[in-house]
Amino acid sequence: MLLLIAARSLWQHKLRSSLLGAAIASVTALLLVLTGISVAMRETILRAATTLMTGHVNVGGFFKVTAGQSAPVVTSYGKVMELAKREVPELDYAVVRGRGWAKLISDTGSMMVGVGGVDIDEEPGFREAVMVPEGRLDELRRPGTILIFREQAKKLGVKVGDTLTVSAPTFRGVNNTVDVTVVAIAADLGLLSSFNTFMPSDTLRALYQLKEDSTGVIQLYLRDREAVPKVESRLREVLARGGFQVMGADPRPFWEKFESVNREAWTGQRLDVTNWEDETAFVKFSVTLVTALSVAVTVVLLIIICVGIMNVMWISIRERTREIGTLRAIGMQRRTVLAMFVGEGALLGLAGTGFGAALGLLAAAAIDAARIPVPLGVQFFLMTDHLTVSPTPFWVAFAVCFITGAITLVSLFPSFLAARMKPITAIHHVG
Amino acid sequence: MPPIVSIVDVVKEYRLGKVVVPALQGVSLEVHPGEFISVAGPSGSGKTTLLNLIGCVDTATRGQVSVGGNDTGKLSERQLTSLRLDTIGFIFQSFNLVSVLTVYQNVELPLLLARRLDSAERRGRVNGLLEQVGIASHERHRPSELSGGQRQRVAVARALVTEPKLVLADEPTANLDSATGQNIIDLMKEMNRRKGTTFIFSTHDPKVMEHANAVIRLSDGRIAGRDLPRGPAEARA
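The listed protein sequences derive, respectively, from chains A and B. If you count the first sequence from 1, you need to add 35 to reach this note's numbering. If you count the second sequence from 1, you need to add 2 to reach this note's numbering.
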């Protein structure tokens, strides 16, 4: 009966309820779309990063000939690979990647980039993550070739078929260079592609003058991503038991660790077990930024909505003061009056957020279908060249519960005051 | 038989800024079960205040008000609300129905608050009362779709649905034409006779007073007298 009174009271003031409901629905839809963009970014980062830069779990490390000179190298990686395959039943597949940090030099410019050494035939996922509108990815099989991204090509002023010189210090402390031909220019992937390039593993080994049994990192791909923490800690123990020196957990990408590693006194090989989140920590800020912006915008709008709700509740209570008095006189307890008005707020919130959730899902689907292009600057953060929105059931449930909860909470105060009203005062209220 | 209402030396004062306005000044009264009593007096004589104190919607400044054997001054707000729900029925001058509920739902509401009957029993009780007050054919109507007389019939049904020992009616006929007002008084009288419910109603209409067993006359917040009305013989039966 209380809900019936609440629902019919809302219905009785259709225009007021509709306006407020529409505002609630808009905020809910906006929250869903904004969080959907954050989720899509995270998915894109995961999909692209776990192909371009990292496995779900990585066994990389540093080799130091002298205390102050480190290289991102795993020597005799066969043993590590064997151990990982034996001790990680969750493993789907594993690949080895060369790692480097080198200078690309063209006729007109130069830039520092990360260089990944890939065996393109061993990595089918690579083709799915990297779109190559210029040149051919298959050409990357040939030694002395390189794949760069569109923005890099623009900065260096090169096209497919041009030659670049790659210069890097070997871990013996001398600089080495190789000349490579640009065979593929890939579509940009925002921040992820701004400093990544790829060349055949053998070419990278030649640049760093490494042996056949050395590589940069062993990237492990698991069947279930949820198993990452478990596998990561198991690998640390297993590698340590297997006689390897294992570095302490440090949630940073490998290239951010050079400085601290070079400051340490040890020499020789140390392994570093990381996960995909560590290696992409530098792009997390953009996801955090979008999420924070979404929350900030939503909170501001929510505050406005809550003020509106409070005003509407005041008006409603003022209009129904005599009714409250009557209900109290005929035996309705204070808590029941409170529940009735809070129920009215909750009902409005639930209807508004429910409608908003449907609206948000529709908007997300429409935005996805329209493949709306985003400006270059925005691509850098979104990691994609068009707007993608991926609302998840969690965020739908969160938006509905959070906004309804906030509205219910806000309606509590006027409802409480309504419940506290003396029956005699309420019955004789004029207005 | 113990009185259902006992008022001893009650004073009620209202404070309007620095001015204290006495509404009741030392009123004492006893009402016994089954009585059909009218409270009469000119405007401002304290009729409504007296009914409010008996109805536990207001508290006395001094003195003792007992309803159904309960000293209302000693009860908490929660206990007073329960007393109103279980013991007292209200009929208001302006009907005071819940506008968003149908006739049926308005009458059912006190039963839902009391939580004493199951759904089938509730249905039986409400339908029976709607029949008795002659409004059964309008059970799905909203109050705004009814005439004043019909609304007051609904209010009578709502007041009686919990089978209270006492029904308070504050000028129940004031907003009705005389024929409709007569009908409402007849209806109340019939309920009083049939169920033995005690009725206390305020009025300043002499024709309405004629139906009462006794008329309590108020003047300037004091009881000026308790008379037997000069009217239809059956009123005193």
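Glycine residues also receive a C-beta, built at the ideal position from the N, C-alpha and C atoms.
Cβ neighbours of residue i in the same chain (closer than 8 Å, five flanking residues each side left out)
i: A/M345; result: V445, S446, F448 and P449
i: A/H421; result: R406, I407, P408 and V409
i: A/G343; result: L55 and A58
i: A/Q104; result: F206, G208 and N297
i: B/D60; result: K14, T51 and N54
i: B/V100; result: Q107, N108, L111 and P145
i: B/R124; result: E110, L113 and L114
i: A/E174; result: T180, V218 and A219
DSSP beta-bridge partners of residue i
i: A/H421; result: A/P408
i: A/Y128; result: A/Y256
i: B/Q66; result: B/V10
i: B/A264; result: Nothing can be reported for residue 264 of chain B, as the shown portion of chain B is limited to 3 through 239.
i: A/E468; result: Outside the shown range of chain A (36 to 466) lies residue 468 of chain A, about which nothing can therefore be said.
i: A/Q304; result: A/F98
i: B/D229; result: B/V217
i: A/A203; result: A/N211
i: A/G152; result: A/G133 and A/M234
i: B/Q27; result: B/V13
i: B/V22; result: B/R17
i: B/R224; result: B/S221
Proximal residues to residue i (C-beta, below 7 Å), its chain only, five neighbours per side dropped
i: A/G144; result: K190, L191 and G192
i: B/P44; result: H206
i: A/P264; result: none
i: B/L119; result: L113 and R127
i: B/Y16; result: V23 and A25
i: B/T63; result: V13, K14 and E15
i: A/A453; result: I352, I359, V372 and F376
i: B/H140; result: V105, L148 and Q152
i: B/H143; result: T104 and V105
i: A/F161; result: T86, V153 and I155
i: B/R238; result: Only weak support is given to the placement of B/R238: the predicted model assigns it a pLDDT of 46, under 50, and the value that follows is read from those uncertain coordinates. Closer than 7 Å at the Cβ level, and outside the excluded window around B/R238, lie N215 and L230.
i: A/E125; result: L257, R258, D259, A262 and V266
Chain-ordered neighbours of residue i on chain B, where CB pairs are closer than 9 Å
i: A/S268; result: Correct list: empty, because the minimum Cβ distance to chain B is about 57 Å.
i: A/R363; result: V59, T83 and R86
i: A/M36; result: L103, Q107, E110, L111, L114 and L115
Closest residue to residue i among the options (Cα-Cα distance)
i: B/V10; options: B/I56, B/M3, B/F201 and B/S78; result: B/I56
i: A/A398; options: A/V413, A/G412 and A/S425; result: A/S425
i: A/E186; options: A/V74, A/G277, A/N210 and A/A221; result: A/A221
i: A/V167; options: A/M456, A/I40 and A/V217; result: A/V217
i: B/I187; options: B/H213, B/V163 and B/P208; result: B/H213
i: A/T180; options: A/K292, A/E157, A/R162 and A/D214; result: A/D214
i: A/P458; options: A/P428, A/T356 and A/L373; result: A/T356
i: B/N129; options: B/E147, B/V156, B/G151 and B/S149; result: B/V156
i: A/L67; options: A/D307, A/G440, A/V435 and A/E267; result: A/V435
i: B/T200; options: B/P166, B/R86 and B/G183; result: B/P166
i: A/V431; options: A/L245, A/Q47 and A/T70; result: A/T70
i: B/N215; options: B/G223, B/R224 and B/G198; result: B/G198
i: A/S141; options: A/T89, A/T198, A/L239 and A/Y112; result: A/T198
i: B/F97; options: B/L178, B/R196 and B/S8; result: B/L178
i: B/G36; options: B/P174, B/D73 and B/M190; result: B/M190
Chain-ordered neighbours of residue i on chain B, where CB pairs are closer than 8 Å
i: A/S44; result: V102
i: A/E358; result: N98, V100 and S101
i: A/I462; result: V59, F94 and N98
Under 7 Å by beta carbon: chain B residues contacting residue i
i: A/M348; result: What A/M348 touches in chain B: nothing, since even the nearest Cβ is about 16 Å away.
i: A/Q47; result: V102
i: A/I459; result: N54, V59 and D60
i: A/I40; result: V100, V102 and L103
i: A/I338; result: Within chain B, no residue comes near A/I338; the closest Cβ sits about 30 Å away, beyond 7 Å.
Close beta carbons around residue i, own chain, < 6 Å, minus the five adjacent residues each side
i: B/K209; result: none
i: A/S53; result: none
i: B/S47; result: L220 and S221
i: A/I402; result: L422 and V424
i: A/V108; result: F98 and S249
i: A/G96; result: V109, R305, L306 and D307
Chain A residues whose Cβ lies nearer than 7 Å to that of residue i
i: B/R80; result: Q368
Residue-level contact to chain C via CB, residue i, 7 Å cutoff
i: A/D248; result: No chain C is part of this structure, whose protein chains are labelled A and B.
Please list the segments of the beta strand (DSSP E) lying wholly inside the segment 59–141 of chain A, counting only runs of 3 or more residues, in order along the chain. As far as the segment 59–141 of chain A is concerned, its whole beta strand (DSSP E) runs of at least 3 residues are 92–101, 104–106 and 126–140.
Continuous alpha helix (DSSP H) assignments of at least 4 residues falling wholly in the segment 171–200 of chain A: You should have 185–191.
Residue ranges of each alpha helix (DSSP H) within the segment 116–185 of chain B, 4 or longer: For the segment 116–185 of chain B, the full-length alpha helix (DSSP H) segments reaching 4 residues or more read 121–134 and 150–162 along the chain.
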